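Using my numbering, read the sequence shown as starting at 4 and increasing by one per residue. We put the CB at the ideal spot given by N, CA and C, even for glycine. Note that this is a predicted model, so its numbers are computed, not measured. What follows is one structure encoded as C-alpha cells, with my remarks underneath.
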Amino acid sequence: MSTQPFYTLDDLSRWEEIAPTLHLPARLAVIGDPIAHSRSPQMMNAALAARGIQAQYIRVQVPAGSVKEALRLFTLNGFVGVNCTIPHKFEALEAMDEVDPLAKKLGAVNTVRIRDGKLTGFNSDGPGFLRSVEEAFGKSVRDLRVLILGAGGGAGRAVAVQCALEQCPELTLVNRSPAKAEPLAAQCSGLSARTKVTVCRWDDAALRAVMDQTDLIVNATPLGMKEGDAPPFNLALLRASHRVFDMVYRSGAETPLISAAKTTGARTR
Ligand SMILES: NC(=O)c1ccc[n+]([C@@H]2O[C@H](COP(=O)([O-])OP(=O)(O)OC[C@H]3O[C@@H](n4cnc5c(N)ncnc54)[C@H](OP(=O)(O)O)[C@@H]3O)[C@@H](O)[C@H]2O)c1
C-alpha cells in the first residue's frame, strides 16, 4: 500500500522518480480536490490483494482545470484506470476519446479506462446509487418520491437522470444555482412520462412545501465533508417518514445529516 496520504499533479509529472520507490506499481488512481478524505484506496487495494493482482491504487490531488493534463500523465506512466470525484466529473467527460452510453446520458464520468492510449469514460454513480438505495431501504426508487439537493453537480445529476430512467413517481431537484436545475429537469421529464419533475427553490418555505411529498432525501452537495459545515438544509424539516441518503461520507464518523435523521426517527438504512 502507498505510504503517501496523497500525491499531486507535480508528483505525476516526475513519476519516473517516484515509481521506483513504490513497493507495488501504481496502476490505478482516484483524482479529486480535495482528495485526502477518499477511502477508495482502502477498498480498491483490498480488492487487488484479494485477487492477487500486483498493483496498487493511489490518491492524486488534481486542481480543477487540470484533468486533461493529469490523464495525459497517467497514460504516459502506464496507469490503466482512474476514478474521478469532486469536482472533476464534468471535466473528465470532456476529456474522453469515447463515452459509454449510460455515462453520456448521466452527463458525467467517474471512471476512466485507459487502453492503448485511448480514454473511455463510464459512470458508476447512478447504478451504485440504485443498488445502495435497495440495500439500505429494501425499496427501489421506482416506488419512491425523491428530492435531490445539489442536483446540478456530477453526482446529483447522475442520480437525477438515473431516477428518471427508473421512472420514479416524483423527482424534486434543488440546486444552489437554479440555472443548472432547469435543463436537467427538462432532460429528466423527457426520459420518463411517469415522473413528475419539479425544480424547487433552496429556501425553507419552498422546501417545507415539498418535504411532506418526499420519501427519499438525497444530499449530493459536498456539505458535511468538512467539520463545521452548515447542514444542507434546515434539519427541522426532517420527518420520521423520510429516508435519508447522504452521498457525503466521512472517515470514521457519521455526517451531521445522518445524525440528525436518526434523532428524528427518519430511516438512514
Ligand atoms: N457516496 C458515493 O458513492 C459518492 C459518489 C459520488 C459523489 N459523492 C460525494 O458527493 C458530493 C458531490 O460530489 P460531485 O462530484 O457531484 O461534486 P460537484 O460536481 O462539484 O457538485 C457539487 C454540487 O453541490 C453544490 N454545492 C457545492 N457547494 C455548495 C454549497 N456550499 N451550498 C450548496 N450547494 C453546494 C453544487 O451547486 P452549484 O451547481 O450551485 O455549484 C453542485 O450541485 C461529494 O461529497 C462527493 O464526495 C459520493
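DSSP three-state assignment for residue i, whether helix, strand or coil
i           : result
residue 171 : coil
residue 146 : helix
residue 40  : coil
residue 122 : strand
residue 100 : coil
residue 27  : coil
residue 203 : coil
residue 226 : coil
residue 241 : coil
residue 5   : Residue placement at residue 5 is flagged as unreliable, the pLDDT there being 48, under the threshold of 50; the coordinate-derived value follows with that caveat. Coil at residue 5, not helix or strand.
residue 21  : helix
residue 197 : coil
residue 153 : coil
residue 32  : strand
residue 164 : helix
residue 115 : strand
residue 211 : helix
Nearest-angstrom Cβ-Cβ length linking residue i and residue j, presumed shorter than 8 angstroms
i           : j           : result
residue 16  : residue 76  : 6 angstroms
residue 90  : residue 67  : 6 angstroms
residue 269 : residue 243 : 6 angstroms
residue 31  : residue 60  : 4 angstroms
residue 34  : residue 65  : 4 angstroms
Contacting residues, own chain, Cβ-Cβ under 8 angstroms from residue i (five flanking each side not counted)
i           : result
residue 227 : 234, 235, 249, 251, 253, 258, 259, 260
residue 143 : 133, 136, 137, 169
residue 69  : 12
Neighbourhood of residue i by C-beta, 7 angstroms cutoff - its chain only, sequence neighbours within 5 removed
i           : result
residue 216 : 148, 173
residue 56  : none
residue 119 : none
residue 265 : 271
Where residue i falls, given that 16 or more other Cβ within 10 Å makes a residue buried
i           : result
residue 199 : exposed
residue 109 : buried
residue 159 : buried
residue 23  : exposed
residue 45  : exposed
residue 237 : exposed
residue 121 : exposed
residue 256 : exposed
residue 79  : exposed
residue 197 : exposed
residue 53  : exposed
residue 180 : exposed
residue 101 : exposed
First through last residue of the beta strand (DSSP E) which encompasses residue i
i           : result
residue 249 : 246-249
residue 84  : 84-87
Range covered by the alpha helix (DSSP H) that runs through residue i
i           : result
residue 61  : Segment 59-64 is the beta strand (DSSP E) holding residue 61; no alpha helix (DSSP H) there.
residue 129 : 128-140
residue 13  : 12-16
residue 190 : 181-194
residue 257 : That residue, residue 257, is in no alpha helix (DSSP H); it is neither H nor E in DSSP.
residue 236 : That residue, residue 236, is in no alpha helix (DSSP H); it is neither H nor E in DSSP.
residue 78  : 70-79
Contacting residues, own chain, Cβ-Cβ under 6 angstroms from residue i (five flanking each side not counted)
i           : result
residue 4   : Annotation note: pLDDT 47 at residue 4 (below 50); position unreliable, no value reported.
residue 178 : 154, 155, 184
residue 116 : 84, 123
residue 207 : 237
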